[in-house]
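**Q**
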Amino acid sequence: MENPNDHDQPSRLPTLRDLAQPIFRQRRVVIGCLLVVSLGVATAVLLSPRVYEAELKILVKRDRVDSVVTGTSEQPGAGNLEVSEQDLMSEVELLKGRDLLERVVQVARLHERPMVRERSRTPTEAVAIATSELRRDLTIQPIRKTRMVSVSYRSEDRNTAQHVLDTFSRLYLEKHLAVRRPPGVHDFFTAQAEQSLKELRGARAQLDEFTARTHVVSAEAEKQTVLEKLGEFEAERRQAEAGIAETSRRIAALERELAAAPVSRTSEVRTSDDADLMREVKAQILALELKRSQLLQKFTPRYRAVQEVEEQLRQARAALDDARRAPVKAETVTTNPTREWVENEIARARTELAATTARARALGTAVARYRQNAQ
């Protein structure tokens, strides 16, 4: 029998726990799926090659506008220097041009890479494949609200990415100048340069002929040159005279130092005993003591021979003491190096003095000659 109160209870909304119960019941499957997905992502990240991207930004602007030549004296107003969207897109198309990309491939040697040569049978096909890959890896797009174009290139080699973009920018500038340059400009300026060079050579030839004929380029210039040389020689003569005075004072000081320096000095003093004498005296003492011992075995100490030996022993011992108190002294006397240095410096200073004096005389003669020419 149904309970009438059951129809009166409102239906209960599912909670977050109710929604999560199926996941908890299948938690092993869910955890396994998460582990498989995480492992796949980590493997893809580890095995994917490292890619380097080089970027180049090109500023598009108008440096000048070609003047309009009219028959009136009024000058037209300056042209509009603003870069329009059409100008920006024109530069983008120049950058995407196939001829430019092919030149970049050939100059950067992208068609010689092993992966390209394996897929091609002829050099032309290799260039075409490398050009397609360059177009794929090259991104060229204008930057919004600016007058700049962004160019980026992706490669697995950092040096290749940099080299390709450097080559691309250089070849683009050459193409840009070739497209923007009016026809005939190069020939016109080449002819003007050759004409100017011819006129310059003719003027130089006339000037050389005039100088050879008159021996003077300009009287005022000649006088100015003489005055400049006179000033230079005057300054050099004053320097020479100052050098003479300084060298003379130095020689005098060195001569005073030489007079005070001794000719020689004791460089080494050695004190030692006379080994030969002491060895001889000790041997004599030993022989006398041995002789005295032999005599004492046969005679009394008052025996005359024993007393003579005793006297000889006293004399030998006294001689040994004298040798010990008066050691041999050896002195080494050498030439004083300070005196030698002073003598060498004096000789050098006198040589410098003679040379400076001769130079001062020659400068005095030159100064007198230039003064006479300047009058």
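Numbered according to our numbering, the sequence shown spans residues 155 to 529.
No residue lacks a Cβ here, since even glycine has one placed at the ideal position from N, Cα and C.
Compute the Euclidean distance between the alpha carbons of Val151 and Val205, then round it to the nearest angstrom.
**A** Outside the shown range of the chain, which is 155 to 529, sits residue 151, and nothing can be said about it.
**Q** Whose C-beta lies closer than 6 angstroms to the C-beta of Leu507 among residues of the same chain, with five residues either side of it excluded?
**A** Position 353 of the sequence shown, counted from the start, is the residue given in the question as residue 507. Contacts found: Thr401.
**Q** Please return the same chain residues whose Cβ sits closer than 6 angstroms to the Cβ of Ala208, not counting the five positions on each side in sequence.
**A** By 1-based counting over the sequence shown, the position of residue 208 is 54. These residues qualify, in order along the chain: Tyr307, Ala315, Gln316 and Leu319.
**Q** Around the Cβ of Glu245, are there at least 16 other Cβ atoms within 10 angstroms (buried) or fewer (exposed)?
**A** Residue mapping note: residue 245 aligns to position 91 of the sequence shown, counting from 1. So Glu245 ends up on the buried side.
**Q** With 16 as the cutoff for other CB atoms within 10 Å, does Val281 come out buried or exposed?
**A** Taking the sequence shown and counting its residues from 1, the one referred to as residue 281 is at position 127. Buried.
**Q** Excluding the 5 residues flanking Leu292 on each side, which residues of the same chain have their C-beta closer than 6 angstroms to its C-beta?
**A** Here residue 292 refers to the residue found at position 138 when the sequence shown is read from its first residue. Excluding positions up to five away in sequence, the list reads Tyr307.
**Q** Would you kindly work out how many angstroms separate the C-alpha atoms of Val183 and Pro176, rounded to a whole number?
**A** Indexing the sequence shown from 1 puts residue 183 at position 29. Indexing the sequence shown from 1 puts residue 176 at position 22. Between Val183 and Pro176, the C-alpha separation is close to 11 angstroms.
**Q** Between the segment 271-291 and the segment 356-364, are three or more C-beta pairs nearer than 8 angstroms?
**A** No: the two stretches stay apart, fewer than three of their Cβ pairs being nearer than 8 angstroms.
**Q** Relative to the C-alpha of Thr519, which candidate in Thr492, Leu384 and Val261 has its C-alpha closest?
**A** For the purposes of this step, residue 519 is taken as the residue at position 365 of the sequence shown. When each option's Cα is compared against that of Thr519, the closest is Leu384.
**Q** Can you list, in chain order, the stretches of the alpha helix (DSSP H) that have 4 or more residues and sit fully within the segment 277-343?
**A** List check, alpha helix (DSSP H) in window: 277-291 and 312-334.
**Q** For Val190, count the other beta carbons within 10 Å of its own beta carbon; 16 or more makes it buried, fewer makes it exposed. Which is it?
**A** Here residue 190 corresponds to residue number 36 of the sequence shown, with the count starting at 1. Exposed, because fewer than 16 other Cβ atoms sit within 10 Å of the Cβ of Val190.
**Q** Among Phe342, Glu390, Arg392 and Arg252, which residue has its Cα nearest to the Cα of Tyr326?
**A** Mapped onto the sequence shown, residue 326 falls at position 172. Closest option to Tyr326, Cα to Cα, is Arg252.
**Q** Three-state secondary structure (DSSP) at Val223?
**A** Translated into positions along the sequence shown, residue 223 becomes position 69. Confidence at Val223 is low in this model, with a pLDDT of 46, below 50, so the placement of that residue is unreliable and no value is reported for it.
**Q** How would you label Tyr457, buried or exposed, when you count the other beta carbons within 10 angstroms and need 16 or more for buried?
**A** Position 303 of the sequence shown, counted from the first residue, corresponds to residue 457. Per the 10 Å Cβ criterion, exposed.
**Q** Name, in chain order, the residues that DSSP records as bridge partners for Leu213.
**A** Indexing the sequence shown from 1 puts residue 213 at position 59. In the DSSP output, where bridge partners are listed per residue, Leu213 has Met302.
**Q** What does DSSP give as the partner residue(s) for Tyr206 in the beta ladder?
**A** Sequence index remark: in the sequence shown, residue 206 carries index 52 (1-based). In DSSP, Tyr206 forms a bridge with Ser309.
**Q** For Ala232, which three-state DSSP category applies?
**A** Within the sequence shown, residue 232 is the residue found at index 78, counting from 1. Residue confidence is low: Ala232 scores 47 on pLDDT, short of 50, so the model does not pin down where it sits. Its coordinate-derived value is still stated next. Coil at Ala232, not helix or strand.
**Q** In three-state terms, what does DSSP make of Thr489?
**A** Here the question's residue 489 lines up with position 335 in the sequence shown. Three-state result, Thr489: strand.
**Q** On the three-state DSSP scale, how would you describe Ser274?
**A** Here residue 274 refers to the residue found at position 120 when the sequence shown is read from its first residue. Looking at Ser274 - three-state DSSP - the assignment turns out to be coil, as it is neither helix nor strand.
**Q** If we count Cβ pairs, one from each stretch, closer than 8 angstroms, do we get three or more for the segment 443-455 versus the segment 490-500?
**A** Contact between the segment 443-455 and the segment 490-500 is absent, because fewer than three Cβ pairs lie under 8 angstroms.
**Q** Can you round the beta-carbon distance between Thr285 and Val259 to whole angstroms, since I take them to be within the 8 angstroms contact cut?
**A** If you number the sequence shown from 1, residue 285 lands on position 131. If you number the sequence shown from 1, residue 259 lands on position 105. So it is a contact: roughly 5 angstroms between Cβ atoms.
**Q** Which of the three DSSP states, helix, strand or coil, is assigned to Pro176?
**A** Here residue 176 refers to the residue found at position 22 of the sequence shown. Three-state result, Pro176: helix.
**Q** Could you check the C-alpha separation between Lys329 and Thr321 for me, to the nearest Å?
**A** In the sequence shown, the residue the question calls residue 329 occupies position 175. In the sequence shown, the residue the question calls residue 321 occupies position 167. Cα to Cα, Lys329 sits roughly 12 angstroms from Thr321.
**Q** So is Phe343 buried or exposed if we call it buried at 16+ other beta carbons inside 10 Å?
**A** Within the sequence shown, numbered from 1, the residue matching residue 343 stands at position 189. So Phe343 counts as exposed.
**Q** I need the straight-line Cα distance from Thr169 to Phe178, nearest angstrom please.
**A** Working through the sequence shown from its first residue, we reach residue 169 at position 15. Working through the sequence shown from its first residue, we reach residue 178 at position 24. C-alpha separation (whole angstroms): 14 angstroms.
**Q** Based on Cα-Cα distance, which residue from Arg267, Ala472 and Val521 lies nearest to Asp311?
**A** The residue you call residue 311 lines up with position 157 of the sequence shown. Nearest of Arg267, Ala472 and Val521 to Asp311, Cα basis: Arg267.
**Q** Between which residues of its own chain and Arg525 is the CB-CB distance below 7 angstroms, once the five residues before and five after are set aside?
**A** Looking up residue 525 in the sequence shown gives position 371. These residues qualify, in order along the chain: Leu384.
**Q** Using the C-alpha atoms, what's the distance from Lys211 back to Val305?
**A** As a working mapping, residue 305 is identified with position 151 in the sequence shown. As a working mapping, residue 211 is identified with position 57 in the sequence shown. Distance between the alpha carbons of Val305 and Lys211: 6 angstroms.
**Q** Sort Leu431, Leu467 and Met432 by Cα distance to Lys445 and report the nearest one.
**A** In the sequence shown, the residue the question calls residue 445 occupies position 291. Minimum Cα distance to Lys445 is reached at Leu467.
**Q** If you follow the alpha helix (DSSP H) that Arg263 is in, where does it begin and where does it stop?
**A** Your numbering for residue 263 matches position 109 in the sequence shown. Run containing Arg263: none; DSSP gives neither H nor E here.
**Q** Is it buried or exposed for Ala503, if we count other Cβ within 10 angstroms and need 16 for buried?
**A** Residue numbering aside, residue 503 sits at position 349 when the sequence shown is read from its first letter. When all chains shown are included, Ala503 counts as buried.
**Q** Going straight from the alpha carbon of Glu247 to that of Ser309, what length do you get?
**A** In the sequence shown, the residue the question calls residue 247 occupies position 93. In the sequence shown, the residue the question calls residue 309 occupies position 155. Taking the straight line from one Cα to the other gives about 23 angstroms.
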